[in-house]
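All remarks here apply to the structure that follows.
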Amino acid sequence: MTISVLIVCLGNICRSPMGEAVLAHVAKQRNLDVIVDSAGTAGYHVGEEPDERTVATCENHDIPISHKARQVKPQDFRNFTHILASDTMNLSNLNRIKPANATAIVRLWGDYDDEKPIEDPYYGGIDGFERIYQQCLKYSNAFLDQIEMQKPLEASL
């Protein structure tokens, strides 16, 4: 089974594009075939590039990033195996718009580790972006650890 993940924040220019880039990079390093995308629950920045601080932080860690902001669509709930929210507000919004025929597992991304939300760094300085990078890295590894632990179970079914 192919794992596909949609990382979600509010505007899709800070947390979720960084999360997408970091998760894709970590999965590639671990030689795992994971499809990763990101979106926002709001349409404020549709079509825009990621925030320059998001790009700078990823570049500082040699993480490639290329993304155009988009809003979550109803079909995302069937096209992805996992939808991971950056915080509880976005998790609530996702659960509110989730269609009845949804098949994706919808969770707070932090649930795979320390259950902490990824706070929005938009109104702060570059240090906030470094903090969310560290969370994205930690949560990416925790999520992939969980996926790898499930693989033998899936293979035996």
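Residue numbers (full-length UniProt numbering): 1 to 157. All C-beta atoms in this analysis are idealised placements derived from N, C-alpha and C, irrespective of residue type, glycine included.
Straight-line CA distance for V8 to Q29?
If you number the sequence shown from 1, residue 8 lands on position 8. If you number the sequence shown from 1, residue 29 lands on position 29. Straight-line Cα distance between these residues: approximately 22 Å.
Using C-beta distances below 8 Å, list every residue in its chain close to Q135, excluding the 5 sequence neighbours before and after it, in chain order.
Within the sequence shown, the letter at position 135 stands for residue 135. Counting only Cβ-Cβ distances below 8 Å, and skipping sequence neighbours, we find G110, K116 and I118.
When Y133, D127 and F77 are compared against V106, the one with the closest alpha-carbon
Position 106 of the sequence shown, counted from the start, is the residue given in the question as residue 106. It is F77 whose Cα lies nearest to the Cα of V106.
What is the DSSP secondary structure of residue 180, reduced to helix, strand or coil?
This structure leaves residue 180 out entirely; the chain is present only between 1 and 157.
Drop a sphere of 10 angstroms on the beta-carbon of L157, count the other beta-carbons inside from all chains shown, and report buried for 16 or more, exposed for fewer.
Here residue 157 refers to the residue found at position 157 when the sequence shown is read from its first residue. Low per-residue confidence applies at L157: pLDDT is 39, beneath 50, and the placement is therefore not dependable, though the value from the model is reported in the following sentence. Answer is exposed; the Cβ neighbour count stays below 16.
Specify the secondary structure class of R15 as computed by DSSP and reduced to three states.
Stepping through the sequence shown from its first residue, residue 15 is reached at position 15. R15 falls in the helix class under three-state DSSP.
With a threshold of 16 other CB atoms inside 10 Å of the CB of N90, please say whether the residue is buried or exposed.
The residue given as residue 90 occupies position 90 in the sequence shown. Classification of N90: buried, given that the 10 Å Cβ count is 16 or more.
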